[in-house]
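Numbering (the numbering used here), first residue to last: 899 to 1120. To keep things clear, I will list the structure first and then write my remarks on it.
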């Protein structure tokens, strides 16, 4: 029993090494969700076989060989066929173009505004206003071109999709009346027309309405 488990673990480890080799010399950050499926399924195969006495080493070897062969064939096909590559592994999405939000791509990738702000901050971009171009890569990380490398002002999101962020106001001891008065001064009287509002003491308000965004798909070649 113990010998069988040990043998399966050794074979499973070798199988994982084969899969990693087939994926090529990619950094972890460059592995796409489709690549991740390879290793997850292989891990599931190994997990099920270790403690199941009905699955012998021959079954495990056959499963690993078949899975590795399928991965190899798929990788070869996607390398030679760009359409299949895009269909299987996706393509980069332009979230912000020339400082304008692309709502279609943001919604299509199920990204909330606070998530987008978090991703920007991880790239040392602390305000949506300072993001000139933002691209969501296949592996899930974002590439950001900032309008200014000197702008390090931390902003607060006060309105998201027309909804006031009361928790943010409360945390920073701000009142709804203060927000509405300032929006009125900026010429925005209807909250439902406002898509996004961020504010900082240093730069004041940055306001986007539904007319300030784009709703289209941009394709990035390369």
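Glycine included, each C-beta is placed from N, C-alpha and C at the ideal position.
Under the three-state DSSP convention, the category residue i falls into
i            : result
residue 1096 : strand
residue 972  : helix
residue 850  : Beyond the ends of the chain as shown, which are 899 and 1120, falls residue 850; an answer cannot be given.
residue 1072 : coil
residue 1087 : coil
residue 1080 : helix
residue 1102 : strand
residue 1024 : coil
residue 1038 : coil
residue 951  : coil
residue 945  : helix
residue 981  : helix
residue 906  : helix
residue 1003 : helix
residue 1049 : coil
Exposure label - residue i; buried when at least 16 CB within 10 Å
i            : result
residue 1011 : buried
residue 904  : exposed
residue 936  : buried
residue 934  : exposed
residue 1094 : buried
residue 947  : buried
residue 1000 : buried
residue 906  : buried
residue 1014 : buried
residue 1084 : exposed
residue 1046 : exposed
residue 1027 : buried
residue 1018 : buried
residue 962  : buried
residue 969  : buried
Identified DSSP bridge partners for residue i
i            : result
residue 1108 : Beta-bridge pairing links residue 1108 to no other residue.
residue 1055 : 1096
residue 1043 : 1031
residue 1061 : 1058
residue 995  : 998
Supposed close pair residue i, residue j - CB separation, criterion 8 Å
i            : j            : result
residue 1006 : residue 966  : The Cβ separation is near 33 Å, so there is no contact.
residue 1149 : residue 1062 : Residue 1149 lies beyond the stretch modelled for the chain, which goes from 899 to 1120, so this question has no answer here.
residue 1091 : residue 1107 : 5 Å
8 Å Cβ cutoff, residue i in contact with chain B
i            : result
residue 1058 : Considering every chain present, this structure includes no chain B. It has just one protein chain.
**OP:** Decide if the stretch 1066-1083 is in contact with the stretch 1033-1041; the criterion is three or more beta carbon pairs, one per stretch, under 8 Å apart.
**Re:** Verdict: no, contact absent.
**OP:** State whether the stretch 1086-1105 contacts the stretch 1049-1056, with contact taken as three or more CB pairs (one from each stretch) at a distance under 8 Å.
**Re:** In short, these stretches touch, since the Cβ pair count reaches three.
Subject >> the stretch 990-1000 in contact with the stretch 1024-1032 per 3-pair CB rule at 8 Å >> reply: Because the criterion of three Cβ pairs below 8 Å is met, the stretch 990-1000 and the stretch 1024-1032 touch.
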